[in-house]
Amino acid sequence: MKKNIRTLTTAAIIAAAYAALTLLLAPISYGAVQFRVSEALTVLPFFTPAAVPGLFVGCLVANLIAGVNPVDFVVGSGATLLAALLSYLLGRRSRWLVPLPPVLVNAVVIGLELWFFVDGERTLPVLLSMMGTVGLGQLVVCYGLGMPLLSLLDRHRETLGFRPR
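Residue numbering for the sequence shown follows my numbering, starting at 202 and increasing by one per position.
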């Protein structure tokens, strides 16, 4: 029972942090060129499986409050869920792989979503451009902010109550 409460509490804290960061930095969190700083938290599945639902719920809440396209509630949040699950699984192989799923999944899924729903040409170069800009933003945030966060949390693993992998 105690473990379930801890897991639920951890997931809720992660969800709140993700949503708060996304909304606080809303001008750079949405659109074709985005630097969603909250995506740095996508390294948290390395430490706890509770981060998987936490990131999903946080993304869902941020998208609901921001009033993005209703399709993004499902597609964008689903991309976050898939990326978080893959990060959890890949974290067993190498810590350097943990940020890779959010970069690749969001580049493809959100790039496709933007290409489909944003007015403009629906050509392959435009699609690749959308995927590229989303992917670049994800790369900067997930590796540039996420990896230092992962290292910092890993150094204080015991203090934070994270178990060894």
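Beta carbons are placed, not taken as given, at the ideal position from N, Cα and C, and that holds for glycine.
Looking at the structure shown, is residue 312 part of a helix, part of a strand, or coil, going by DSSP?
In the sequence shown, the residue the question calls residue 312 occupies position 111. Residue 312: helix per DSSP, three-state reduction.
For the alpha helix (DSSP H) holding residue 293, just list the boundary residues, first then last.
Mapped onto the sequence shown, residue 293 falls at position 92. It is not in any alpha helix (DSSP H) - residue 293 carries neither H nor E in the DSSP assignment.
Reference residue 247; option with closest CA among 297, 324 and 327:
Position 46 of the sequence shown, counted from the first residue, corresponds to residue 247. Residue 297 is the option with its Cα nearest to residue 247.
CA-to-CA distance, residue 255 to residue 360, given in whole angstroms
Working through the sequence shown from its first residue, we reach residue 360 at position 159. Working through the sequence shown from its first residue, we reach residue 255 at position 54. Going by the C-alpha atoms only, they are around 21 Å apart.
Here's the rule I'm using: 16 or more other beta-carbon atoms within 10 Å means buried, otherwise exposed. How should residue 210 be labelled?
For the purposes of this step, residue 210 is taken as the residue at position 9 of the sequence shown. Residue 210 comes out exposed.
Ends of the alpha helix (DSSP H) at residue 202?
Here the question's residue 202 lines up with position 1 in the sequence shown. Unbroken run through residue 202: none, as it is neither H nor E.
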